[in-house]
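Take a look at the structure below.
Residue numbers (the working numbering), protein chains in the order written: chain C, 13 to 377; chain U, 13 to 377.
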């Protein structure tokens, strides 16, 4: 006997996060043996034709969804964005060169901190003084001439802010940590040199990291690097230098197919805009709730808001959880509430939260 | 509708490898929603109480199975043993010190190669001249006085050899890559300083690496290391510095529970000895098959053998595959055949292979 969809609740967690039910159902159906293969996806060799086909389809679907130009490689790695914080400078920040970092939030700050262990880093703008409540403006960026690259974080999961457009960085390669908004909207890969994302928000379960890298950057990877941290090695070996996270890649592939079935990135972006608009409208309606991000920087993925007191916030989270609205507690670093509404989060769940918010205000306002 | 057990074949792959059917069935049953949680294991936050309990139970079961002393930490990392090839020297090989490596096979050689990028390495014994057909003898080890550590590879997956007992290394910390025989037999953790293994052979699906490290070694990890490669950071954060591979850890936990249900490591070792003995007996019966490992070095996990010609070997693999005996082709580096018979590989599958071998010899002998 298998668990049914009726037992599921609304999961507003910031990641790992909700997945499409149809994807979960397919994983469940084929768990004991992939059709025609006679083995579970959890047991098949990464050198098998079955997995080669799974990997190739995931790669092709990612390319199709984002319109990735042919001179970019898609890599499936491990270790999360946190490992990329080190791999990026270890591979593409040459000794003596400087890497520019845009400090738009807690994760951006962590990325810069790791890069400083490797080489010269310049923080070209920071909104830390504003509690990261907004995205730095183009006019604030003090870019380094001849920078090895410019690093940005497109969506700031903890603070609930998001770049509305890519910064202009001239000739410098743009490196973008898109962990929390990858494939939630169209992305112009050609304006980037390197894009990376942990899968566990919009793309699949935890355990795999997607890296999209322009091929000319691969020449920067030195042979003295630890092999597993060398982008060029992973690119040459088509992400099969060693045993990859087979199951996570399979699941990402199913989510990519689901995304294509939804109509692709432009279509899912419309849904995401609708979901976020409904929540922000409720936040702005009376002043009982207070959005923490400045309006022009508001994230479509992580909607952060507060109440008048921490006591009221605790009550809100507790009663929401009891009502089947789970994961609304804000990150421990900032407090308050956070509703993460990634691609697979259903519109009905947003409706349920809005209703709950109205009812909570009526009782406590 | 879900796939049934009747569609499954015998999977002799070297890893990722076969898992216990009861574990697969439990994963399948709870895939849409963990009982009482309302979310899939693929969706739950790694900071949730549910996952904390899963992690704590996996840790406790690993400790109980191996009798791990309290002054050791169990870490759940990513990147496979190949990442450990770098993490070990980066963390515990100080500048100026020397690490001793026992070169018993292709993976041991790779481990030493990565360590050489980090510091001084001495190959204290090698059986490469014998095509790695045997384990180096104690008398052959030219250990370095005051070595930072001695690195060994307990089972050589490609060549089908296995240490029957741990080498004597004096006061030097013993580091053991047990990727392909971890928990297939009792292990004396107290004789080691560090044990590591990719999970995908005896412990679970690909995507998580188990590291068991003696606490005093954690003092060697320098703060200048990339954070994600720092053992001390992972130990301090209880493997939750960043998002861990939630699903793979869950699956490893279920396999550990299964292993306890089988009676633990001594009990599974008896089964593994029986399975290997049946296969080696057939290999030795007439001379039609030829074992490639020397008899005193034969692995209980990977049984490697050859036939008179490569043509006959191709025929063997092809007909075996058609008969539902999959994954018998040897590693591309050495050729021949390899039957990997890890913990979860059923005795009935060994019986099926022995019958097939006898029939194949009757027709082609």
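Even glycine gets a Cβ: it sits at the ideal position worked out from N, Cα and C.
Just to confirm, is the Cβ distance from residue 115 (chain C) to residue 148 (chain C) under 9 angstroms?
yes
Quick check on the DSSP output: what are the complete alpha helix (DSSP H) runs of length 4 or more inside the region 169–222 of chain C, in order along the chain?
none
Give me the DSSP bridge partner(s) of residue 132 (chain U).
U:110
Closer than 9 angstroms to chain U by CB, residue 220 (chain C)
yes
In whole angstroms, give me the CA-to-CA distance for residue 204 (chain U) and residue 64 (chain U).
28 angstroms
So, for residue 335 (chain U): in the same chain, excluding its five sequence neighbours on each side, which residues have a beta-carbon less than 7 angstroms away from its beta-carbon?
368
Local conformation of residue 288 (chain C) per DSSP, three classes
helix
Who are residue 264 (chain U)'s beta bridge partners in DSSP?
Per DSSP, none; premise fails for residue 264 (chain U).
Which term fits residue 90 (chain U), buried or exposed, when burial requires 16 or more other beta carbons within 10 angstroms of its beta carbon?
buried
Against chain U, with Cβ distances strictly below 9 angstroms, would residue 90 (chain C) count as a contact?
yes
Would you report the Cα separation of residue 220 (chain C) and residue 347 (chain U), rounded to the nearest angstrom?
31 angstroms
Where residue 156 (chain C) and residue 191 (chain C) are concerned, what is the direct C-alpha to C-alpha distance, given to the nearest angstrom?
25 angstroms
Residue 163 (chain C): which of C:318, C:356 and C:105 sits nearest, CA to CA?
C:105
Please state the DSSP three-state secondary structure of residue 243 (chain U).
helix
Verify whether the separation of the beta carbon atoms of residue 22 (chain U) and residue 338 (chain U) is less than 9 angstroms.
yes
How about residue 126 (chain C) and residue 97 (chain C): do their beta carbons lie closer than 9 angstroms?
yes
Hey, does residue 23 (chain C) have any beta-carbon neighbour from chain U nearer than 9 angstroms?
yes
What does the alpha-carbon distance come out to for the pair residue 139 (chain C) and residue 314 (chain C)?
18 angstroms
Close beta carbons around residue 145 (chain C), own chain, < 8 angstroms, minus the five adjacent residues each side
139, 171, 173, 304, 305, 306 and 309
Around the C-beta of residue 286 (chain C), are 16 or more other C-beta atoms found within 10 angstroms, so that it is buried, or is it exposed?
exposed
Can you tell me where the beta strand (DSSP E) holding residue 352 (chain C) begins and where it ends?
349–352
Classify residue 376 (chain C) as helix, strand or coil using the three-state DSSP reduction.
helix
If you follow the alpha helix (DSSP H) that residue 103 (chain C) is in, where does it begin and where does it stop?
92–104
Show which residues of chain C have a CB atom less than 8 angstroms away from the CB atom of residue 27 (chain U).
57 and 255
Alpha carbon to alpha carbon, how far is residue 188 (chain U) from residue 113 (chain U)?
10 angstroms
Would residue 202 (chain C) count as contacting chain U if we go by Cβ distances under 9 angstroms?
no
Under a CB-based cut-off of 9 angstroms, is residue 345 (chain C) close to chain U?
no
Test: residue 129 (chain U) CB closer than 9 angstroms to a CB of chain C:
yes
Is the beta carbon of residue 262 (chain U) closer than 9 angstroms to that of residue 74 (chain U)?
no
Do three or more CB pairs link the region 28–42 of chain U to the region 315–324 of chain U at distances below 8 angstroms?
no
Determine the extent of the beta strand (DSSP E) in which residue 315 (chain U) is found, giving its start and end residues.
314–318
Integer-rounded CB distance, given that residue 185 (chain U) should sit under 8 angstroms from residue 9 (chain U):
Because residue 9 (chain U) is not part of the residues shown, which for chain U are 13 to 377, the question remains open.
Does any residue of chain U bring its CB to less than 9 angstroms from the CB of residue 372 (chain C)?
no
Using a C-beta cutoff of 9 angstroms, does residue 39 (chain U) count as contacting chain C?
yes
Taking the straight line between their C-alpha atoms, what separation do you get for residue 231 (chain C) and residue 69 (chain U)?
45 angstroms
Min CB distance residue 259 (chain U) to chain C below 9 angstroms:
yes
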